[in-house]
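Following the working numbering, the numbering of the sequence shown begins with 442 at its first residue and continues without gaps.
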Amino acid sequence: MPPARDGRPDAVLLIESDPYARDLYRTALHDAGGFTVVSARDEIDALRRLDASTPDAVVVNLTATGHHARNLLAAMRLRGAAHIPVIAITDGDPATLQQAGFACVIVRPVDLGNLLEELLRCLAERGHDGTLKAAIEGP
């Protein structure tokens, strides 16, 4: 479980159009990862939620937003949220997506343990609690 920052667990904005997959990812992130999870069905819903509160990370299934995924990154920059790491779940080319600005890319099929590991790594790289980074890197 990630350590609390400012007395609260890290928050994740999850963007997934498929209700079954959204529930699966939300459950894994919350139950196994200890994250507070806010869900969105698409990029428009996600931007509304981003306007209401600032998550520590975003996880997006690129099939959920189709070719609009880069628009999501641009909209986040315009909202002053470029510092928030965005993790992409995709069938696409990881190098291309990382060049586009995604912090981490997970190629399907998704292993939920790998999703949690990548999320923790992205948060640690952005200066979240040092014990989090130590937990990933080991002693």
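Backbone N, C-alpha and C fix where the C-beta goes; we use that ideal spot for every residue, glycine too. As the structure is a prediction and not an experimental result, all values here were calculated from the model.
| message | Threshold first: 3 residues or longer. Then list the beta strand (DSSP E) segments lying entirely within the segment 492 to 530, N to C. | response | 498 to 502
| task | Given a cut-off of 9 Å, decide if Ile525 and Pro607 are closer than it, judged by their beta-carbon atoms. | result | A query on residue 607 cannot be resolved here, the shown segment of the chain reaching from 442 to 580 and no further.
| To which residues does DSSP link Cys545 through a beta bridge? | Within the sequence shown, numbered from 1, the residue matching residue 545 stands at position 104. Paired residues: Ile528.
| query | So what does Ser480 bridge to, in DSSP terms? | reply | Locating residue 480 in the sequence shown gives position 39, counting from the first residue. For Ser480, which the question treats as bridged, DSSP gives the partners Leu455.
| field | Arg490, DSSP secondary structure in three states | value | As a working note, residue 490 is residue 49 in the sequence shown. In the displayed model, Arg490 falls within a helix according to three-state DSSP.
| field | Rounded separation between Thr506 and Glu484 - CA only | value | Residue numbering aside, residue 506 sits at position 65 when the sequence shown is read from its first letter. Residue numbering aside, residue 484 sits at position 43 when the sequence shown is read from its first letter. Legend: pLDDT at Thr506 = 47, less than 50; position of this residue unreliable, no value from coordinates given.
| Where does Gly554 fall in DSSP's three states? | Reading the sequence shown from its first residue, position 113 is the one you call residue 554. Here Gly554 sits in helix by DSSP.
| What are the start and end residues of the alpha helix (DSSP H) that includes Ala462? | By one-based count along the sequence shown, residue 462 stands at place 21. It spans 460 to 468 - the alpha helix (DSSP H) in which Ala462 sits, taken as one unbroken run.
| Per DSSP, what kind of secondary structure is Arg567 in: helix, strand or coil? | Position 126 of the sequence shown, counted from the first residue, corresponds to residue 567. Of the three classes helix, strand and coil, the one that applies to Arg567 here is coil, per DSSP.
| task | Would you check if the distance between the CB atom of Glu559 and the CB atom of Ile547 is smaller than 9 Å? | result | The residue labelled residue 559 in the question sits at position 118 within the sequence shown. The residue labelled residue 547 in the question sits at position 106 within the sequence shown. Against a cut-off of 9 Å, the Cβ pair of Ile547 and Glu559 comes out as a contact.
| Relative to the alpha-carbon of Leu481, which residue among Val500, Ala541, Ala536, Pro535 has its alpha-carbon at the smallest distance? | Within the sequence shown, the letter at position 40 stands for residue 481. In the sequence under discussion, the amino acid at residue 481 is Ala, which differs from the Leu named in the question. Minimum Cα distance to Ala481 is reached at Val500.
| said: I believe Leu454 touches Ala487 by the beta-carbon criterion, under 8 Å. Please report the beta-carbon distance rounded to the nearest angstrom. | reply: In the sequence shown, the residue the question calls residue 454 occupies position 13. In the sequence shown, the residue the question calls residue 487 occupies position 46. 6 Å between Cβ atoms; contact.
| request: Use the C-beta contact count for Asp451: other C-beta atoms within 10 angstroms, 16 or more gives buried, fewer gives exposed. | output: Taking the sequence shown and counting its residues from 1, one reaches residue 451 at position 10. Counting Cβ neighbours within 10 Å, Asp451 comes out buried, since at least 16 surround it.
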